[in-house]
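First comes the structure, then the notes that go with it.
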Amino acid sequence: MVGFLLEDVTGVLRDSGGVAAAQANIWGPEDVYVKKGSTISLTCTVNVHSTPPSSVHWYQGSSVVDFDSPRGGISLETEKTASGTTSKLLVTKASLTDSGNYTCVPSNANPASVYVHVLNAGEYPAAMQHGEHGGSSSSCVAQLSCHFLVVLLLSLMMAR
1 MVGFLLEDVT
11 GVLRDSGGVA
21 AAQANIWGPE
31 DVYVKKGSTI
41 SLTCTVNVHS
51 TPPSSVHWYQ
61 GSSVVDFDSP
71 RGGISLETEK
81 TASGTTSKLL
91 VTKASLTDSG
101 NYTCVPSNAN
111 PASVYVHVLN
121 AGEYPAAMQH
131 GEHGGSSSSC
141 VAQLSCHFLV
151 VLLLSLMMAR
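Residue 99 in the UniProt record's numbering is what sits at position 99 of the sequence shown, and the numbering runs on without skipping anything.
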């Protein structure tokens, strides 16, 4: 049992010295799109060199992911190395009920979250049709930077 309310998951954890704790990271975009029947694969890394987390819990919404559920097909691989801890959540044969917010909660680091969208065959969200992973703030920043550079370049060319 994890000793905090889920509302506290998004808060900043601090160590006993008041220093902000390490941050967990989930590889990939903030919004993940998978087809119904495929495998959801989420990888969370925690780069805490001094003390690796004693545990890494995964939540779907406000519920701890149940690896022993009758649904089956849910597994977790955790690897602790000198460079940090990696926790990989695998959900095979994804169904629509597997859609939702997934949060990786290490015992000694701030959590990380992604939103998984399970799509029916033939279903394409607008974000995928444009080649983007919707909700990814880094792709939005990259687009704005590119637009800014194009405008700047055009301005310089017109000034000549």
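Ideal placement from N, C-alpha and C gives every residue a C-beta, glycine not left out.
Ranked by Cα distance from E30, the options V56, P125, L119, Y115 are led by Y115. Burial is judged here by how many other beta carbons sit within 10 angstroms of a residue's own beta carbon; Y124 has fewer than 16 and is exposed. One Cα belongs to V56, the other to N120, and the distance between them is close to 31 Å.
Comparing alpha carbon positions, the residue from S54, T92, S87, A82 closest to S69 is T92. Annotation: the continuous beta strand (DSSP E) that includes S41 extends over 40-46. Around the beta carbon of T81, a 10 Å sphere encloses fewer than 16 other beta carbons of the protein chains shown; the residue is thus reported as exposed. Residue burial is scored here from C-beta neighbours: T103 has at least 16 other C-beta atoms within 10 angstroms and is therefore classed as buried. The C-alpha of E77 lies about 22 Å from the C-alpha of T97. Rounded to whole angstroms, the Cβ separation of N25 and T45 is 5 Å, and the two are in contact under 8 Å. The three-state secondary structure of D66, taken from DSSP, is coil. G61 sits exposed, since fewer than 16 C-beta atoms from the chains shown fall within 10 Å of its C-beta. In the structure shown, T81 falls within a strand segment according to DSSP collapsed to helix, strand and coil.
Nearest in C-alpha terms to S63, of all of V118, G122, V105, S38, is V105.
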